[in-house]
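Residue numbers (the numbering used here), protein chains in the order written: chain A, 2 to 312; chain B, -12 to 330.
Below is one structure, written out as structure tokens, with a few remarks after it.
In structure tokens:
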């Protein structure tokens, strides 16, 4: 019992610096108004995504299918039945934007998580072992970096077939090299540090050195990049959907909702703002969602970057 | 080792990257059936009826590595296939549309870079003041805006509401004048051709059409430059040689412009490569919104109508452009920073 208590105490003492660091981070986040704004925006969208079935109960089997009110082509302005109006083809904009929040989270988090996971594995191996593996992997990332991202994603989507899942896949294939490069660079930076040498000297396995000693010291730049990336990915996916390469017709997706408005920008001959709700509303959703992540990522960068923060 | 050795080494490095780009492009073609892929080898519309012969002649049913070499041979002879949507070969279709895109980018890149550097320096010099906060907020907002949404809003406000800055490249009067025999198209860049022909109104007309798409491209790209310029300027300002320059009594402007900014510019140069990629991504959207017949809209339409040779040709072509841009950026970098070429 005493030994167990002793171990617990040792563990507690061991993680004290980490807890202190975490507390320091939270105070910095709390004192930074922009990061708070970013966090509130994200929290707002998390709530919307969670209570989407309450806000607009799905009528069919697939909740992501936007219900249509008859099949009249011209968009209809906001009314009691349709708080945000209806888009071309009578797709309910309120329903589409609310459920589109879930789509946006799914795209942003899945693509970031998958790219990060691939980047973590390849970057760790590449940076830690170096040599031929590293060389091959880096040439691989070079090839992907040789293309402008959105254009490569576009070509990949045509190859895989148009659809949201294939957009996700294409964005992961385009996205993982950035993480790989970042993680590899970070590992090269800390690999020669004394504490890594010490860990190796006391006989830690490669895996343990990587996961326990190297990774925790490289995590902040990765977190910053991931936060900024979620915004960028949602923008790319929205652009692909806008071009017609993403979600199928009638799927709750912000980018696609804006593409429905394309035919109506010049349609209001006397009043250009006649169909404003068809693009302003879904656009505001994309913009604020991305802004939230970017504000958070930007603030995190200032807060977590050890070379800048304690000034 | 001098600059020349560096240039040679850097040029040689292009070869594996180019090979990689062809490999990846080829890998994407393998997702399509031989029937679909056959269009990659067509050189004129007359061949379209004899697809079976093409599948036979170019080994489209053979193992992938044989296909790769036959395809590579085609690419090296300058054939990227036949685009059904453009009704011409992909190479011709792209080359025909390059001037429209080039003209747009020609205005957008310098504005982005110069304005970005200016704002970044201002932001750093006035750190944590109102100027700094405004600049940073604006750039983060611009960076979060969906480009297509911004384009639609600008069109609604300026074109539909105010009748200014129309979409496409030229107005109808200018368009027909350009097509008439009185106008010589030296460069196919309307703004420059207008000057060369002494027809200033053509240049004026073309400029008006460039304003909105340029605003979109600059808005979404500038944050990158502002951010890096700001942080690199902050770093430069904290260096010992700045304190030394101040201590010997140089004026504030002299310290900022001559000593700090020049050193702070180096990271921005490396960034220009990313800017080139951002611009290429950006023109796909802006040209689609503003109905400009450039390579971006061509690529987007090709992808949408599953015109495989055109889509892949466009991706391949943008890869080449991007590699070239990065190459030039690296040369510029080596030229400005002796540590690179000597290291």
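By construction, the Cβ of each residue, glycine as well, lies at the ideal position given by its N, Cα and C atoms.
Bear in mind that the values here come from a model prediction, so they are computed numbers and not experimental data.
In the structure shown, the three-state DSSP call for residue 104 of chain A is helix. DSSP links residue 60 of chain A through a beta bridge to no other residue. Take the alpha-carbon of residue 289 of chain A and the one of residue 111 of chain B: they are about 26 Å apart. Residues of the segment 145 to 164 of chain A with a Cβ closer than 8 Å to any Cβ of chain B, in chain order: 145, 147, 148, 149, 150, 151, 152, 153, 155, 156, 157, 158, 159, 160 and 161. Contacts between residue 232 of chain A and chain B, judged by CB atoms closer than 7 Å, involve 131 in chain order. Classified as exposed, residue 166 of chain B has fewer than 16 neighbouring CB atoms from the shown chains inside 10 Å of its CB.
Within the segment 126 to 158 of chain A, the alpha helix (DSSP H) runs of at least 4 residues that lie entirely inside it are, in chain order, 132 to 146. Under the three-state reduction of DSSP output, residue -7 of chain B falls in the helix class. If only complete runs of 4 or more residues are kept, the segment 257 to 324 of chain B shows the alpha helix (DSSP H) at 282 to 291 and 295 to 323, in order along the chain.
Here residue 93 of chain A is bridged, per DSSP, to A:87. In its chain, beyond the 5 residues on either side, 70, 71 and 72 have a beta carbon closer than 6 Å to the beta carbon of residue 294 of chain B.
Counting along the chain, the unbroken alpha helix (DSSP H) around residue 109 of chain B starts and ends at 77 to 112.
The C-alpha of residue 97 of chain A is placed about 14 Å away from the C-alpha of residue 76 of chain A.
Under the 8 Å Cβ criterion, the segment 151 to 168 of chain A counts as touching the segment 235 to 245 of chain A, having at least three qualifying pairs. When DSSP reads this structure, residue 70 of chain B sits in a beta bridge with B:75.
The alpha-carbon of residue 244 of chain B is positioned some 9 Å away from that of residue 108 of chain B. Using beta-carbon distances, residue 225 of chain A does not count as an interface residue toward chain B, since no partner is under 9 Å. Taking 4 residues as the minimum length, the alpha helix (DSSP H) runs contained wholly in the segment -11 to 68 of chain B are -10 to 16, 21 to 24, 38 to 44 and 51 to 63, in order along the chain. Contact annotation: the segment 79 to 86 of chain A does not touch the segment 43 to 50 of chain A, with fewer than three C-beta pairs closer than 8 Å. At a cut-off of 9 Å, the C-beta of residue 56 of chain B has no neighbouring C-beta in chain A.
What residue 7 of chain B touches in chain A, judged by beta-carbon distance under 7 Å, is 140, 143, 144 and 147, going in chain order.
The segment 136 to 153 of chain A and the segment 189 to 203 of chain A do not touch, with fewer than 3 CB-CB distances between them shorter than 8 Å. If you look at residue 165 of chain B, you'll find it in the alpha helix (DSSP H) that goes 159 to 166. When CB distances to chain B are screened at a threshold of 9 Å, the residues of the segment 249 to 268 of chain A falling below it are 255, 256, 259, 260, 262, 263, 266 and 267, in chain order. The segment 173 to 187 of chain B makes contact with the segment 76 to 90 of chain B; the number of CB pairs closer than 8 Å reaches 3 or more. Beta bridge pairing from DSSP links residue 66 of chain A with A:252. Going by beta carbons, residue 199 of chain B and residue 283 of chain B fall outside the 9 Å limit. For residue 73 of chain B, none of the residues of chain A pass the 9 Å Cβ criterion, the least Cβ distance being about 16 Å.
Taking 9 Å as the CB threshold, residue 240 of chain A lines the interface with chain B.
By the neighbour-count definition (other C-beta atoms within 10 Å, threshold 16), residue 274 of chain B is a buried residue. With a contact defined as Cβ atoms closer than 8 Å, residue 180 of chain A and residue 124 of chain A qualify at about 7 Å. Residue pairing by DSSP places residue 208 of chain B opposite no residue, since no beta bridge is assigned to it. If you look at residue 247 of chain B, you'll find it isn't in any alpha helix (DSSP H); DSSP assigns it neither H nor E.
At a cut-off of 9 Å between beta carbons, residue 299 of chain A contacts chain B. Taking a beta-carbon distance threshold of 9 Å, residue 148 of chain B counts as an interface residue toward chain A. Within chain B, the C-beta atoms nearer than 9 Å to that of residue 291 of chain A come from 130, 131, 132 and 133, in chain order.
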